[in-house]
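Novice: Residue numbers (this note's numbering): 169 to 420.
Ideal Cβ placement from N, Cα and C applies to all residues, glycine included.
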Amino acid sequence: MAVKHCLPCVEVRPGRQGKVSDPTRCQAFSHVQIRRAIETADFRAAAFLRAASFYRYSPDRSQYAARIHQRMKGDAEWAAIEARVSGKDTDYKDLAVSCYIATVDSDESGSSTTADAGYLEPSTVLPAQDSARSQQVVGTLDLNQGLKLPSEELLGHLPKQSSGLQRAYLSNVCTAKALQRQGVAAKMIQVAAEDAIKQGVKYLYVHVAHDNQAAMHLYCNRCGFYQEQSESEGYARALSRPRRYLLCQQLV
């Protein structure tokens, strides 16, 4: 299955695969390249994109303090990604973890050729190889193959009997602000799903906050997921966070 476009819009119900409704409705940048992170620079860039995406700061906090905190979180996530992927993180010992990155070419000044550099994290630039242009990481996610994610209350139900190889979870899905809602995340999910199928995965899961309408639209309307489970309001309140859904996609 060649990766040329993001997943078509589908409608899925539990127990059967989705059907294509209109492939032309999804946008995808032809110049965005999706691949597994392999080198140290790949993991570092993915980590700093996550730090820039997952943390927001109040206006009264100085830019200096925000940058220091963001760099601290980026360094911590960098170490965490490499530990998970290499199998050194004992919490993930029963999972096979792969990190994926979406990249675009950068111009000679190091800014992205596809978006305003002011919206892109400088630490996500990859070093140029030989005479090729440098690249910038503009999206990332993890594919976790196994029965459960550490410290997660919501666990996938499918398949009913599994050694863990037939189930996988997406996590840490994010796209640079400048390229959001332009098909990058959907394209990453497609590539990860295709690789998961090759590894024997039949069901792909992802956790989403119930009030994250953009994510719900991405997963359910564009990528073929359906809601399998949801947390109780009481459990979410006890953890001081929004209630979450567990979404599922049947791959094969």
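Once DSSP output is grouped into helix, strand and coil, what is the label at Ala336?
Specialist: What you label residue 336 is simply residue 168 of the sequence shown in a count that begins at 1. Three-state result, Ala336: strand.
Novice: Rounded to a whole number of angstroms, what is the C-alpha to C-alpha distance between Arg411 and His375?
Specialist: Counting from 1 along the sequence shown, the entry for residue 411 is found at position 243. Counting from 1 along the sequence shown, the entry for residue 375 is found at position 207. Each residue's alpha carbon lies about 10 Å from the other.
Novice: Less than 7 Å between C-beta atoms, sequence neighbours within five positions excluded: which residues of the same chain meet that for Met126?
Specialist: What the structure shows of the chain is the stretch from 169 to 420, and residue 126 is not part of that stretch, so it cannot be assessed.
Novice: Applying the 10 Å Cβ sphere with the 16-neighbour rule, what's the burial state of Ile357?
Specialist: The residue you call residue 357 lines up with position 189 of the sequence shown. With 16 or more other Cβ atoms within 10 Å, it is buried.
Novice: Looking only at its own chain, which residues have a Cβ that is under 6 Å from the Cβ of Gly314, when we skip the five neighbours before and after it?
Specialist: Here residue 314 is taken as the residue at index 146 of the sequence shown, counted from 1. Contacts found: Asp262, Leu263 and Gly332.
Novice: Return the Cβ separation of Tyr373 and Cys342 in integer angstroms, given the expectation that the two are a contact with Cβ distance under 8 Å.
Specialist: Here residue 373 refers to the residue found at position 205 of the sequence shown. Here residue 342 refers to the residue found at position 174 of the sequence shown. So it is not a contact: roughly 18 Å between Cβ atoms.
Novice: Measuring straight from C-alpha to C-alpha, what distance separates Arg252 and Tyr260?
Specialist: Against the sequence shown, residue 252 aligns to sequence position 84. Against the sequence shown, residue 260 aligns to sequence position 92. Rounded to the nearest angstrom, the two C-alpha atoms are 6 Å apart.
Novice: Under DSSP, the beta strand (DSSP E) around Arg204 begins and ends at which residues?
Specialist: Locating residue 204 in the sequence shown gives position 36, counting from the first residue. Counting along the chain, Arg204 sits inside the beta strand (DSSP E) bounded by residues Gln201 to Arg204.
Novice: Cutting at 7 Å between CB atoms, please list the residues of its own chain near Ala296, excluding the five before and the five after it.
Specialist: The residue labelled residue 296 in the question sits at position 128 within the sequence shown. Same-chain partners within the cutoff: Ser302.
Novice: Please report the residue range of the beta strand (DSSP E) in which Ser266 lies.
Specialist: For the purposes of this step, residue 266 is taken as residue 98 along the sequence shown, with counting starting at 1. Unbroken beta strand (DSSP E) run through Ser266: Ala264 to Asp273.
Novice: Nearest to Glu219 by CA position, among Ala247, Val359 and Gly324, is which residue?
Specialist: Residue 219 sits at position 51 when you count from the first residue of the sequence shown. Before going further, note that residue 219 is Ala rather than Glu in the sequence given. When each option's Cα is compared against that of Ala219, the closest is Ala247.
Novice: For Gln395, which residues in the same chain have their Cβ closer than 7 Å to its Cβ, ignoring the five residues on either side in sequence?
Specialist: As a position in the sequence shown, residue 395 is number 227, starting the count at 1. The answer, listed in chain order, is Tyr413 and Leu415.
Novice: Given this structure, state the Cα-to-Cα distance separating Gly242 from Ala215, to the nearest angstrom.
Specialist: The residue labelled residue 242 in the question sits at position 74 within the sequence shown. The residue labelled residue 215 in the question sits at position 47 within the sequence shown. Gly242 and Ala215: Cα-Cα distance of roughly 5 Å.
Novice: By how many angstroms is the C-alpha of Asn380 removed from the C-alpha of Gly402?
Specialist: Numbered from 1 along the sequence shown, position 234 holds the residue referred to as residue 402. Numbered from 1 along the sequence shown, position 212 holds the residue referred to as residue 380. Roughly 19 Å between the two C-alpha positions.
Novice: Contact criterion: CB-CB distance below 8 Å. Does Asp262 meet it with respect to chain C?
Specialist: Of the protein chains in the structure, only one exists, and it is not chain C.
Novice: What's the gap between the Cα of Val361 and the Cα of Glu245?
Specialist: For this step, residue 361 is matched to residue 193 along the sequence shown. For this step, residue 245 is matched to residue 77 along the sequence shown. The displayed chain sequence assigns Ala, not Val, to residue 361. Cα-Cα distance, rounded: 23 Å.
Novice: Ends of the alpha helix (DSSP H) at Gln238?
Specialist: In the sequence shown, the residue the question calls residue 238 occupies position 70. Its alpha helix (DSSP H) spans residues Gln231 to Ser254.
Novice: Since Ala300 and Val200 are thought to touch, with beta carbons under 8 Å apart, how far apart are those beta carbons, to the nearest angstrom?
Specialist: As a working note, residue 300 is residue 132 in the sequence shown. As a working note, residue 200 is residue 32 in the sequence shown. Actually they do not touch by this definition, with Cβ atoms about 16 Å apart.
Novice: I'd like the ranges of any alpha helix (DSSP H) spanning at least 4 consecutive residues and lying wholly in the region 341-395.
Specialist: 352-366 and 381-384
Novice: Does the distance from the C-beta atom of Val420 to that of Lys370 stay below 8 Å?
Specialist: For the purposes of this step, residue 420 is taken as residue 252 along the sequence shown, with counting starting at 1. For the purposes of this step, residue 370 is taken as residue 202 along the sequence shown, with counting starting at 1. Yes, the Cβ-Cβ distance between Val420 and Lys370 is below 8 Å.
Novice: Classify Leu217 as helix, strand or coil using the three-state DSSP reduction.
Specialist: As a first step, residue 217 must be located in the sequence shown, where it is residue number 49. Helix, per DSSP.
Novice: In this structure, does DSSP put Tyr223 in helix, strand or coil?
Specialist: For the purposes of this step, residue 223 is taken as the residue at position 55 of the sequence shown. The answer is coil: DSSP assigns Tyr223 none of H, G, I, E or B.
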